[in-house]
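*Asks:* Okay, here's the structure, questions in a sec.
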Amino acid sequence: MEENAKKILLIVVAVACIAAAGIITYKTMGGGTTAAGQPTGKVWVKCNNPKCGHEYEISAKEYTDFMMSNGGPRQFMMSGAVPMKCPKCNEDSVFKAMKCEKCGKVFFPGTVEGKAEDTCPGCGYSPSTAPAKKT
42 MEENAKKILL IVVAVACIAA AGIITYKTMG GGTTAAGQPT GKVWVKCNNP
92 KCGHEYEISA KEYTDFMMSN GGPRQFMMSG AVPMKCPKCN EDSVFKAMKC
142 EKCGKVFFPG TVEGKAEDTC PGCGYSPSTA PAKKT
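Going left to right, the sequence shown walks through residues 42 to 176 as my numbering numbers them.
Take a look at the structure:
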């Protein structure tokens, strides 16, 4: 009986970890949430097609709804983000991006090798490694 109890405990722990990972992924995809749990704010997206490069903002809710209806957190964790259709070139090549608060360049996270994921390839600024602002 003790062996069965250990197996059940391990299964419960594994399920709890998977659920926690899914919740964390869902919560971090947008800017914040409303009281009803809906994400708020805006998300920058950019077309990865070299011939296009269209960049624009969409609501965090729209982005999260798209991701959840196209595989959800599990799909994201296993193979990365699902591309959205670009309104300009009509290719499935639009992904979440960042906009540099210093120079305004819109870029994909992690594009500067050896630097923080939020480092701008245009000016080299990274909010996560910049000195704290004095208030």
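Cβ coordinates follow ideal geometry from the N, Cα and C atoms, glycine included. Remember, predicted model here, so these are calculated numbers, not experimental data.
Take Val147 and list the residues in its own chain whose beta-carbon comes closer than 6 Å to its own, dropping the five residues that flank it on each side.
*Replies:* Taken in chain order, the residues that qualify are Trp85, Lys87, Glu96, Ala138 and Lys140.
*Asks:* Please list the terminal residues of the continuous beta strand (DSSP E) segment that includes Ser100.
*Replies:* Its beta strand (DSSP E) spans residues Glu96 to Ser100.
*Asks:* Could you check the C-alpha separation between Gly71 and Thr105 for me, to the nearest Å?
*Replies:* Low confidence applies here, because Gly71 scores a pLDDT of 46, under 50, leaving its location unreliable; read the following figure in that light. Using only the alpha carbons, I get a separation of about 7 Å.
*Asks:* Tell me the DSSP bridge mates of Met139?
*Replies:* According to DSSP, which records beta bridges pairwise, Met139 is partnered with Phe148.
*Asks:* Whose CA, out of Phe107, Pro91, Gly165 and Leu51, lies closest to the CA of Gly151?
*Replies:* Closest by alpha carbon: Gly165.
*Asks:* Kindly indicate the opening and closing residues of the beta strand (DSSP E) around Val203.
*Replies:* The question about residue 203 has no answer, for the chain in this structure spans 42 to 176.
*Asks:* Could you please give me the residues that DSSP links to Asp133 through a beta bridge?
*Replies:* Its beta-bridge partners are Lys126.
*Asks:* Roughly how many whole angstroms lie between the Cα atoms of Ala171 and Cys161?
*Replies:* Going by the C-alpha atoms only, they are around 12 Å apart.
*Asks:* How would you call Ser134, buried or exposed, if buried means at least 16 neighbouring beta carbons within 10 angstroms?
*Replies:* It is buried - the Cβ of Ser134 has at least 16 other Cβ atoms within 10 Å.
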